[in-house]
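Accompanying notes for the structure given below.
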Amino acid sequence: MLKLKINPFLLECGTDEAGRGCLAGPVTAAAVILPDNFKHPFLTDSKQLSEKKRMELKDIIEQEAICFKVIHIMMEEIDKINILNASILGMHRAIEGLSSTPEFIAIDGNRFKPFGKIPFECVVKGDGKFMHIAAASILAKTYRDEYMTALHNDFPQYNWKQNKGYPTMEHREAIRNHGATVFHRKSFKLLPEQLKLTI
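Plus 28 on top of the position in the sequence shown (first one is 1) and you've got my numbering.
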């Protein structure tokens, strides 16, 4: 089972993002503070869980968390400030939106910018080590998946309900055949030949 958090005596939030490597849709960030007695044997990195299990855990996290917040950073902002800054901005906004102010922040990955004066630690593959980061990973992933599945109804040719905006061969072929939508990130190389094109 994963560890609950880094500092056992502080009110600590975990934060993570989903959709950073996608060609379309937002990057979604979540921040979660779990109670000290929280336990769940199946809580782990969202990418290792089935969609059904993620949805089950999403409900448990939302019911049992002290507080949580999920934020979408949309394509226009990603294109303006780049995906790394957009991911960090999303995590900042999620932390800012928590109903309780954390005393410490645990971040999945190795890049972050200070949030006020709150101490923090970046943890590589943290969603496979700490429960609150794993919980944030699950919320970010499930909320973003729901967003992309809803978009699919208006743009079925891109099959976003399946690929969720990630750069699958099918998704790239759809862009080649149908062009990009307003939900595609203009700053990303959607197709290899766009190394030579201005989107």
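Note that CB positions come from ideal geometry on N, CA and C, so glycine has one too.
Taking the alpha-carbon positions, what's the K97 to V60 distance? Position 69 of the sequence shown, counted from the start, is the residue given in the question as residue 97. Position 32 of the sequence shown, counted from the start, is the residue given in the question as residue 60. So the alpha carbons of these two residues sit roughly 7 Å apart.
Given E105, which residues of its chain have a CB within under 7 Å of its CB, disregarding the five upstream and five downstream residues? Position 77 of the sequence shown, counted from the first residue, corresponds to residue 105. Closer than 7 Å at the Cβ level, and outside the excluded window around E105, lie A114.
Does the segment 39–47 come close enough to the segment 153–167 to have 3 or more Cβ pairs within less than 8 Å? yes
Completely contained beta strand (DSSP E) runs for the segment 143–227, where each covers 3 or more residues: Listed in chain order, the complete beta strand (DSSP E) runs (minimum 3 residues) inside the segment 143–227 are 148–151.
Taking I166 as the reference, give the member of A57, M29, E198 and K31 with the closest Cα. As a first step, residue 166 must be located in the sequence shown, where it is residue number 138. For the residues A57, M29, E198 and K31, the minimum Cα distance to I166 belongs to A57.
Among N187, K33 and M119, which residue has its Cα nearest to the Cα of H206? As a position in the sequence shown, residue 206 is number 178, starting the count at 1. Residue N187 is the option with its Cα nearest to H206.
On a CA-only basis, which of G47, H68, G49 and V55 is nearest H160? Give me that one, please. Numbered from 1 along the sequence shown, position 132 holds the residue referred to as residue 160. The shortest Cα separation from H160 among G47, H68, G49 and V55 belongs to H68.
F211 to I88 span [Cα, whole Å]: The sequence position of residue 211 within the sequence shown is 183, counting from 1. The sequence position of residue 88 within the sequence shown is 60, counting from 1. For F211 and I88, the distance between alpha carbons rounds to 31 Å.
Considering only residues of the same chain and omitting the five flanking positions on each side of K224, which have a CB-CB separation below 7 Å? On the sequence shown, residue 224 is found 196 positions in, with the first residue counted as 1. Its pLDDT being 41, under 50, K224 is placed unreliably by the model, and the measurement read from it follows with that caveat. Excluding positions up to five away in sequence, the list is empty.
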